[in-house]
Amino acid sequence: MDLISSSAAAAGMKAAAGPLGALMSRYRPAGVPRLGSKEDRASAYRRLLDASTRAFGYQYQYAHLHREAGRAADKVLMAQIPTMWEIPTELISALNGVRLCGTVQVIDAAEKLVTATSDLDMSEKKKDRFHAQADAIVAAQKVFLDVCREELSYNTRWYQWWRKRKERRYLRSQTSA
Numbered sequence: 216m217d218l219i220s221s222s223a224a225a226a227g228m229k230a231a232a233g234p235l236g237a238l239m240s241r242y243r244p245a246g247v248p249r250l251g252s253k254e255d256r257a258s259a260y261r262r263l264l265d266a267s268t269r270a271f272g273y274q275y276q277y278a279h280l281h282r283e284a285g286r287a288a289d290k291v292l293m294a295q296i297p298t299m300w301e302i303p304t305e306l307i308s309a310l311n312g313v314r315l316c317g318t319v320q321v322i323d324a325a326e327k328l329v330t331a332t333s334d335l336d337m338s339e340k341k342k343d344r345f346h347a348q349a350d351a352i353v354a355a356q357k358v359f360l361d362v363c364r365e366e367l368s369y370n371t372r373w374y375q376w377w378r379k380r381k382e383r384r385y386l387r388s389q390t391s392a
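Residues in the sequence shown are numbered consecutively from 216, following my numbering.
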């Protein structure tokens, strides 16, 4: 029985590492997001939408309770203060996630969404003015969502004529029904 020398073993391992390394580098497990991948971007966009929706919900609830119940709601509102402090942090963190992997158009829409969400004045006494600010947040969310759908190629492209035709038929059936 002949023993293989260490130099021969090293040469054999080096020769096998080339093709094996190429196969291993191509291995991408399904469902695992990679930085800059479509799944990673969609996750960052979804996180910002969730954070802005949560912030809007808490702000709306706080303003409504404060306006309607006044001092009687202070005890309930004070219990939610720790959560209220966490929301802007979560919103900025989600915005930074979008800034990390988003395109220029998506980042612009995300920054406008965060600005609209932060501009909501919870102590606004006039209902009409408060609802105008709330409508601005909803409009900014819609713009952000549309830009994200376009960037992630969820919208139909001009060359996908069959899909476009099916969409038109569906929309026509919705309007007629």
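C-beta atoms are modelled at their ideal positions from N, C-alpha and C, and glycine is treated no differently. All values derive from a computational prediction rather than experimental measurement.
query	result
Inter-residue spacing [alpha-carbon to alpha-carbon] between residue 358 and residue 284	34 Å
Meets three-Cβ-pair contact criterion under 8 Å: the stretch 332-341 and the stretch 360-370	no
Where residue 283 sits in the DSSP three-state scheme	helix
Cα-Cα separation, residue 266 to residue 306	5 Å
Check whether residue 316 and residue 278 have beta carbons under 8 Å apart	no
CB contact flag (residue 269, residue 312, <8 Å)	no
Where residue 194 falls, given that 16 or more other Cβ within 10 Å makes a residue buried	The question about residue 194 has no answer, for the chain in this structure spans 216 to 392.
DSSP-derived helix/strand/coil call for residue 340	coil
Minimum C-alpha distance to residue 255 - residue among 314, 373, 300 and 389	314
Span separating the alpha-carbon of residue 351 from that of residue 318	23 Å
Boundaries of the alpha helix (DSSP H) in which residue 333 is found, first to last residue	319-333
CA-to-CA distance, residue 355 to residue 248, given in whole angstroms	Note that residue 248 scores 49 on pLDDT, short of 50, meaning its location in the model is unreliable; the coordinates nonetheless yield the value given after this. So the two alpha carbons sit approximately 27 Å from each other.
Beta-carbon separation (whole angstroms), residue 324 vs residue 362, contact threshold 8 Å	4 Å
Spatial neighbours of residue 383 in its chain, beta-carbon cut-off 6 Å, leaving aside the 5 residues before and after	none
Limits of the unbroken alpha helix (DSSP H) element including residue 376	376-391
7 Å Cβ shell around residue 302 - same chain, five flanking residues per side excluded	269, 270 and 273
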